[in-house]
Amino acid sequence: MLEMNEYVRVMQKLYSKSLILESPAEFHPVLHFYFTDALAHIDYTLSTLAYNYMSPRNIMSVEYMRWRLDEEKVGDRVHFPGFVNWLKEEQPEKYEALPMLWTGVYDNDDPAQYRSFRIVLNPDDKRAIPADYLSTFIDEFFDPKFIKQLYKTSSLARLFDEYIRNRPA
Numbered sequence: 005m006l007e008m009n010e011y012v013r014v015m016q017k018l019y020s021k022s023l024i025l026e027s028p029a030e031f032h033p034v035l036h037f038y039f040t041d042a043l044a045h046i047d048y049t050l051s052t053l054a055y056n057y058m059s060p061r062n063i064m065s066v067e068y069m070r071w072r073l074d075e076e077k078v079g080d081r082v083h084f085p086g087f088v089n090w091l092k093e094e095q096p097e098k099y100e101a102l103p104m105l106w107t108g109v110y111d112n113d114d115p116a117q118y119r120s121f122r123i124v125l126n127p128d129d130k131r132a133i134p135a136d137y138l139s140t141f142i143d144e145f146f147d148p149k150f151i152k153q154l155y156k157t158s159s160l161a162r163l164f165d166e167y168i169r170n171r172p173a
C-alpha cells in the first residue's frame, strides 16, 4: 500500500476541487487552455512526487503533456507568455492578481519554469518543490475571484483580446 506523504494529501486537495458551479464553455479559450494546462502541470508534479515515476498514472500524464506542447502553439495561445509580460508592464495590478504559477513560469524575469513537465521554481535548486507551494497554487487557481477572470466577458479576457489586437506584428 502506498504511504500517504505530503504530496498525496495535496493531490487529494486538488481532486476535491470542482467547477460544477461554473460554466467552462463560457471561459475565454486561451485563458481556459492555460488554466487547464497549469492544473495538468500541478497534477503531474504532484504525481511524480507522490507515486512511482513509472506508475500508469504518470505514464498517461506524460502522454498528455507531450500532446499539449503542440497545442500551446495553436492560434492565439502562442501569445499568452507575451501577454503575461505585457500585463507586468502595462497593467501591474492585473499582473499581481494572476496566480503565482502563471507569473513565475511566464514572466521573462522569473527563473520558474516547466522542466520535463514538472514545476521548477529555481532550476539551480535540486530539491523537490515544497508541497505548500503546490497547495498555494491550487488555492489561487480555484479562488472564485480568479475563476471569474477566466470568462470571455471578464476584464482579464478583454485585456488579452486587446493585447492580441494591438501587439506588434
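When we follow this note's numbering, the leftmost residue of the sequence shown carries the number 5, and every step to the right adds one.
Cβ coordinates follow ideal geometry from the N, Cα and C atoms, glycine included.
**Request:** Less than 8 Å between the CB atoms is what I'm expecting for Arg70 and Phe37, so what's the real figure, rounded?
**Result:** About 16 Å; that fails the 8 Å criterion.
**Prompt:** By DSSP, does Gln117 sit in helix, in strand, or in coil?
**Reply:** Gln117: strand per DSSP, three-state reduction.
**Asked** Of the choices Gln16, Pro127, Lys152 and Met104, whose alpha-carbon is the least far from that of Leu23?
**Response** Nearest option by C-alpha distance: Lys152.
**Prompt:** Val14 to His32, Cα distance in whole Å?
**Reply:** 28 Å
**Request:** Express the C-alpha separation of Pro172 and Phe141 in angstroms, rounding to a whole number.
**Result:** 32 Å
**Prompt:** Got a sec, what are the start and stop residues for the beta strand (DSSP E) Val88 sits in?
**Reply:** Looking at the DSSP string, Val88 is not in any beta strand (DSSP E); the run it does join, the alpha helix (DSSP H), is Phe84 to Glu94.
**Asked** Thinking just about the alpha-carbon of each residue, which of Phe146, Pro127, Ile123 and Phe145 is nearest to the one in Ala135?
**Response** Of the candidates Phe146, Pro127, Ile123 and Phe145, the one whose C-alpha sits nearest the C-alpha of Ala135 is Ile123.
**Message:** According to DSSP, is Val66 part of a helix, a strand, or is it coil?
**Reply:** helix
**Prompt:** Would you call the CB atoms of Asp41 and Leu18 closer than 8 Å?
**Reply:** no
**Alpha-carbon spacing of Arg61 relative to Leu53, whole angstroms** = 12 Å
**Message:** Whether or not the segment 152-170 and the segment 85-95 are in contact is what I'm after, with contact meaning three or more pairs of Cβ atoms, one per stretch, closer than 8 Å; do they touch?
**Reply:** With the cut-off at 8 Å, the segment 85-95 and the segment 152-170 touch.
**Message:** On the CB-based measure, 16 or more other CB atoms within 10 Å of its CB, does Ser20 come out buried or exposed?
**Reply:** exposed
**Item:** Under the three-state DSSP convention, the category Arg171 falls into
**Value:** coil
**Item:** Per-residue DSSP class, three states only, for Ile2
**Value:** Given that the chain is displayed from residue 5 to residue 173, the structure contains no residue 2 and the question cannot be resolved.
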